[in-house]
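Peer 1: Here the numbering used here is used: the first residue of the sequence shown is 3, the next is one more, and so on.
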Amino acid sequence: MKDRLKTLLAWVSQLLHTLWTFFPSLLFIFLALDAFWTQSAGKDIIVAFAEKRHLGGVSRIVFFMAIAFWVYVTWYSSRMIVYIKERWPQDAAGLAILDAYPRAAGNACFLVLELAVLQSPLFEKPISGGTATIVFFLGLVLLFFIDRRIRNRWAQTSAFPRVFWAVLIIFLVLLAVAALFFQDPDQYKFLLLGILFVLHLLFLLYSNLHRADVQQKMISHMQGDAGPKSIWSGVLDYFCIPRAEGSYFSWFNVVGGMGIVFYFLSIVSFGFAQGTGPFPFLFLAFGVLLGLANLITGFSVRYRVNFHFLLFLAAFFCGLGETHNVRMIQLKDGVVNGYKTRPTLDAYLRTWLNARVPLSDSSQTPYDVYFVLSNGGASRSGYWTASILGRLEDSTIAWRGPYGRFSDHVFCLSGTSGGGVGVATFFSMLQDRRRLDAGSYTRGAREFLQQDYFTYTVARMLGPDYLNYLTHFSSTGDRGRALEEGLEWSSKEMDSTNFAVPFYAPFSGFRALDDSRRVALPLLFVNTTRMQDGNPGVVTNLNLDSANFNRRVDVLSLVDSDKDISLASGAILGARFPYLSPAGNIADNYFVDGGYFDNSGAGVVQELMQGILDDVRRDSLNGGTMHRQLRRLHFRVLHIVNSPVGPAPKQFPPVRPIKNDLFSPLITIIGAYDMQTTVNDMRLYHFVKDLSAQGIVSDYHQVSLYQEVSEWPIDKARNLRVDTEAVYPMNWFMSEKTRTRMDMRLETERSLKSLLKEIRPK
């Protein structure tokens, strides 16, 4: 009994030691599992990959190359570590576990992908995450026995090479057909699964090729029969690789080199990154980073020094140089950005009122004035927000009625995170006042925001940003800059038949009042948060009054007068949500996503409206006439939301004591993060209602991407309304299927239809 217990403990000890040794490969398998099993954005990436139609299927070919690269690196770099560890005496349990791990890791990679496709919205009834987890572990066990059978029996037969090459040819034919002919996702999903299964079979065969012969050569090598010396054999000997494995090691370097080339091109070229797409690139990055991590692990095992820990210490203590500065535009000698001359609220308000509702106008018709705010949500929010505002603008241009253009009635645009990008997109388009018969603001905004901004950004995140901790080769080439560069590149490539989206232009060029002190643009508020103290900040074309705006940080006042930032940099400053976009540094002030403090921008809108009332009140006390113009105004708050709508919970589940003791602060902070926005929204809602009670005509409109509770279908069996709507993924990338759903929602949203009828009465 004691011997059995000792054996069991030895196996457990060796298993834990093996898992720790191969922690990098386990980490990337887990990352793939989490990204494509649990995240709606990851599932949408799979859908988008099946839809991809440009570059003649090149992205699909790159995808299968990336899969082969990731799996091959996972398997063979782990195998190299096994060879190094085998130099030192191991017990039977240790050798068995070490020998089994590399193939098990390769099989796990394929299982993650196959089950991810089966869980994706490509299928009408995808399997659940729980089912996939059970299948995953059962599949690993089954594949262990299949692997043993191939290695012990089939691999030694003369028919094996013919079978292997036959399967390889079948795979290549299927790949060509998939890349060049199948464009319909309903057809491609089965072909995608089939190719993954064939590729998995190739891995099973290849990883066991001539196993018996290799083991015999390993014995010869261990006994010192190393054969003639050469540079190549010296490399093999250094990494403890048997001479019989030379061809494996050669292909490992060839495949690795090809993967690194595609990986590098995606980092340096936005166009190439878009052509590759997020699904293939993630596996390229996993393979490159895993190869580097396992190389360091190999050195650690060989020299019995934990180089991972030493590199971490070096990065921690040497990484003192700034790598996340906000990108600045250096102005020409003598040119200043003009941020100190931005108009105050009082100056802008007087100019706006005199232009829109002059005292000489005897009309008593109320004049609509819109205060627009938009919640965060990455591309989902940006696309939805800009589509709505574009639709309202297009409607008034096409009608050409007495209402004028919708944008003439917009006093301010406030947004956070993706919502900030959305309002900034519409805001930037307002500089293009052409009347294009073939173009529209809606179409221009959609063309701009439907681009893939994720791949190029994550390429920097899973690339140079790691090395910058030690090298600091580029203090401004981080992933935050990559997102801005992507937006600027797309705006420059916009089709001239649509309205321009000049995100590349300096922010100082988007002035609220022009040189003649006439109204040029609405006020723009991109909400952000200062990381050091949590204080809210605003990127705006208004000169903020600290008293009116409760000491919000005026971000542009921190920019040196001889420098500027692009509109893209300003918009993204409110959408820097770690870990994808790090905090941006301006004069030692680090700014992150505005959603940390207020995810809708409701706070600054309420402060603006209160500031307007205060200015009018002060003017009236001094004998002014602004109060007469104010009575002509119809205050309209347009709140654009993109989060699921649901009834408040009637009761909460109990919390376990250990969860209460360990995680109550974290749980509370996460809950407060959401509720702070809700409280700000409700405060603004009641503020608008109070204005109506004071005799100021005002109303509050909420335009929701998700269906309201009253729109949910009724479950007759339970006699209640049930939400059956699929989740809209939140990412800097969206599939065509997701965009189509959003476009359809734009046609049916009831509040938007009501607004369109009001500004375009029949």
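Think of the CB as a built atom: it goes at the ideal place given N, C-alpha and C, for glycine as much as any other residue.
Return the residue from the list Ser518, Glu490, Asp497 that minimises the CA-CA distance to Phe509.
Peer 2: Here residue 509 corresponds to residue number 507 of the sequence shown, with the count starting at 1. Nearest C-alpha to Phe509: Glu490.
Peer 1: Is it right to say Met736 is buried, meaning 16 or more other beta carbons lie within 10 angstroms of its own, or is it exposed?
Peer 2: Numbered from its first residue, the sequence shown carries residue 736 at position 734. That one is buried.
Peer 1: Starting from the C-beta of Ala585, find all residues in its chain whose C-beta is less than 7 angstroms away, skip the five residues before and the five after it, and write them out in chain order.
Peer 2: The count along the sequence shown starts at 1 and reaches residue 585 at position 583. Result list for Ala585: His326, Met533, Arg578, Tyr592, Phe593, Val594, in chain order.
Peer 1: Taking the alpha carbon of Glu609 as the point to measure from, which residue in Leu375, Ile136, Leu623 has its own alpha carbon closest?
Peer 2: Within the sequence shown, numbered from 1, the residue matching residue 609 stands at position 607. With distances taken between Cα atoms, Glu609 lies closest to Leu375.
Peer 1: Who are Thr531's beta bridge partners in DSSP?
Peer 2: Working through the sequence shown from its first residue, we reach residue 531 at position 529. In the DSSP output, where bridge partners are listed per residue, Thr531 has Pro538, Val594.
Peer 1: Return the bridge partner residues of Gly417 from the DSSP annotation.
Peer 2: Taking the first residue of the sequence shown as 1, we reach residue 417 at position 415. Its beta-bridge partners are Ser376, Val528.
Peer 1: Just to confirm before moving on: does the CB-CB distance between Lys565 and Ile331 stay below 9 angstroms?
Peer 2: Here residue 565 refers to the residue found at position 563 of the sequence shown. Here residue 331 refers to the residue found at position 329 of the sequence shown. Cβ atoms of Lys565 and Ile331: closer than 9 angstroms.
Peer 1: Grab me the residues of Leu748's own chain with a C-beta within less than 6 angstroms of its C-beta, minus the 5 sequence neighbours each way, in chain order.
Peer 2: Here residue 748 is taken as the residue at index 746 of the sequence shown, counted from 1. Once the five neighbours on either side are set aside, the close Cβ partners of Leu748 are Ser389.
Peer 1: Is it buried or exposed, Lys87, if we count other Cβ atoms within 10 angstroms and call 16 or more buried?
Peer 2: What you label residue 87 is simply residue 85 of the sequence shown in a count that begins at 1. Lys87 comes out buried.
Peer 1: What is the C-beta distance between Lys191 and Leu145, in whole angstroms, given that I count them as a contact (C-beta under 8 angstroms)?
Peer 2: If you number the sequence shown from 1, residue 191 lands on position 189. If you number the sequence shown from 1, residue 145 lands on position 143. Not confirmed; about 23 angstroms, so no contact.
Peer 1: Can the beta-carbon of Leu482 be found less than 9 angstroms from the beta-carbon of Ile567?
Peer 2: Along the sequence shown, read from residue 1 onward, the residue named residue 482 stands at position 480. Along the sequence shown, read from residue 1 onward, the residue named residue 567 stands at position 565. In the sequence under discussion, the amino acid at residue 482 is Gly, which differs from the Leu named in the question. No, these two residues do not count as a Cβ contact at 9 angstroms.
Peer 1: Express the C-alpha separation of Trp77 and Val299 in angstroms, rounding to a whole number.
Peer 2: Within the sequence shown, residue 299 is the residue found at index 297, counting from 1. Within the sequence shown, residue 77 is the residue found at index 75, counting from 1. The sequence as given places Thr at residue 299; Val does not occur at that position. Distance between the alpha carbons of Thr299 and Trp77 is about 14 angstroms.
Peer 1: Would you say Ala316 faces chain B, with C-beta separation under 9 angstroms as the test?
Peer 2: Annotation note: the requested chain B is absent from the structure, which comprises a single protein chain.
Peer 1: When burial is assigned at 16 or more other CB atoms within 10 Å of the CB, is Trp234 buried or exposed?
Peer 2: Taking the sequence shown and counting its residues from 1, the one referred to as residue 234 is at position 232. Label assigned to Trp234: exposed.
Peer 1: Would you identify the three-state DSSP class for His641, choosing helix, strand or coil?
Peer 2: Reading the sequence shown from its first residue, position 639 is the one you call residue 641. His641 falls in the strand class under three-state DSSP.
Peer 1: Can you find at least 3 beta carbon pairs, one from the region 273-288 and one from the region 453-464, that sit closer than 8 angstroms?
Peer 2: Yes: at least three Cβ pairs fall under 8 angstroms.
Peer 1: Quick check: the Cα distance between Val119 and Ile399, rounded to an integer number of angstroms?
Peer 2: Position 117 of the sequence shown, counting from 1, holds the residue named residue 119. Position 397 of the sequence shown, counting from 1, holds the residue named residue 399. Taking the straight line from one Cα to the other gives about 45 angstroms.
Peer 1: Going by beta carbon distance, what residues of the same chain come within less than 8 angstroms of Ala357, once the five residues before and after it are set aside?
Peer 2: Here residue 357 corresponds to residue number 355 of the sequence shown, with the count starting at 1. Counting only Cβ-Cβ distances below 8 angstroms, and skipping sequence neighbours, we find Arg520, Val521.
Peer 1: I need the DSSP call for Phe716, collapsed to helix, strand or coil.
Peer 2: Here the question's residue 716 lines up with position 714 in the sequence shown. Residue 716 is actually Ile in this sequence, not Phe. The answer is strand: DSSP assigns Ile716 an E or B state.
Peer 1: Would you identify the three-state DSSP class for Asp497, choosing helix, strand or coil?
Peer 2: Working through the sequence shown from its first residue, we reach residue 497 at position 495. Coil, per DSSP.
Peer 1: Taking just the CA atoms, how far does Gly446 sit from Asp434?
Peer 2: Locating residue 434 in the sequence shown gives position 432, where the first residue counts as 1. Locating residue 446 in the sequence shown gives position 444, where the first residue counts as 1. Taking the straight line from one Cα to the other gives about 11 angstroms.
Peer 1: Please identify the residue among Leu28, Leu35, Asp46 whose C-alpha is closest to the C-alpha of Asp454.
Peer 2: Here the question's residue 454 lines up with position 452 in the sequence shown. The option with the nearest alpha carbon to Asp454 is Asp46.
Peer 1: Taking only three categories from DSSP, how would you classify Ile672?
Peer 2: Counting from one through the sequence shown, the residue named residue 672 turns up at place 670. Of the three classes helix, strand and coil, the one that applies to Ile672 here is helix, per DSSP.
Peer 1: May I have the straight-line CA-CA distance separating Ser409 from Pro524, to the nearest angstrom?
Peer 2: Locating residue 409 in the sequence shown gives position 407, counting from the first residue. Locating residue 524 in the sequence shown gives position 522, counting from the first residue. So the alpha carbons of these two residues sit roughly 8 angstroms apart.
Peer 1: Using the Cβ count rule (16 or more neighbours within 10 Å means buried), how would you classify Tyr240?
Peer 2: Position 238 of the sequence shown, counting from 1, holds the residue named residue 240. Its Cβ having fewer than 16 others within 10 Å, Tyr240 is exposed.
Peer 1: Grouping DSSP H, G and I as helix and E and B as strand, with all else coil, what is Asp370?
Peer 2: In the sequence shown, counting from the first residue as 1, residue 370 sits at position 368. Strand, per DSSP.
Peer 1: In the DSSP output, which residue or residues are listed as bridge partners for Tyr702?
Peer 2: Here residue 702 corresponds to residue number 700 of the sequence shown, with the count starting at 1. In DSSP, Tyr702 forms a bridge with Val639.
Peer 1: Thinking just about the alpha-carbon of each residue, which of Tyr581, Val412, Pro538 is nearest to the one in Asp467?
Peer 2: By one-based count along the sequence shown, residue 467 stands at place 465. Asp467 has its Cα closest to that of Tyr581, out of Tyr581, Val412, Pro538.
Peer 1: Within 10 angstroms of its Cβ, does Gln121 collect 16 or more other Cβ (buried), or is it exposed?
Peer 2: Residue 121 sits at position 119 when you count from the first residue of the sequence shown. Result: buried.
Peer 1: Please confirm if the region 308-318 is in contact with the region 551-564, defined as three or more CB-CB distances below 8 angstroms between the two stretches.
Peer 2: Contact between the region 308-318 and the region 551-564 is absent, because fewer than three Cβ pairs lie under 8 angstroms.
Peer 1: For Gly58, which residues from the same chain have a beta carbon less than 6 angstroms from its beta carbon, with the 5 sequence-adjacent residues on both sides left out?
Peer 2: Taking the sequence shown and counting its residues from 1, the one referred to as residue 58 is at position 56. Residue placement at Gly58 cannot be trusted, given a pLDDT of 47 that sits under 50; the coordinates are not used to answer.
Peer 1: On the criterion of 16 or more Cβ atoms from any shown chain inside 10 Å, does Ile152 qualify as buried, or is it exposed?
Peer 2: Walking along the sequence shown from the start, residue 152 turns up at place 150. Classification of Ile152: buried, given that the 10 Å Cβ count is 16 or more.
Peer 1: So does the region 359-371 actually touch the region 494-505, counting three or more Cβ pairs closer than 8 angstroms?
Peer 2: The region 359-371 vs the region 494-505: no contact.
Peer 1: Could you check which residue in Arg633, Trp714, Leu207, Leu140 has the C-alpha nearest to that of Asn154?
Peer 2: Locating residue 154 in the sequence shown gives position 152, where the first residue counts as 1. Ranking the options by Cα distance to Asn154, first place goes to Leu207.
Peer 1: When DSSP labels each residue in this structure, what does Thr478 get in the three-state scheme?
Peer 2: The residue labelled residue 478 in the question sits at position 476 within the sequence shown. Caution applies to Thr478, whose pLDDT of 48 falls short of 50 and renders its modelled position unreliable; the model cannot decide the point.
Peer 1: Relative to the C-alpha of Phe66, which residue among Glu126, Gly196, Tyr702, Leu560 is closest?
Peer 2: Indexing the sequence shown from 1 puts residue 66 at position 64. The shortest Cα separation from Phe66 among Glu126, Gly196, Tyr702, Leu560 belongs to Gly196.
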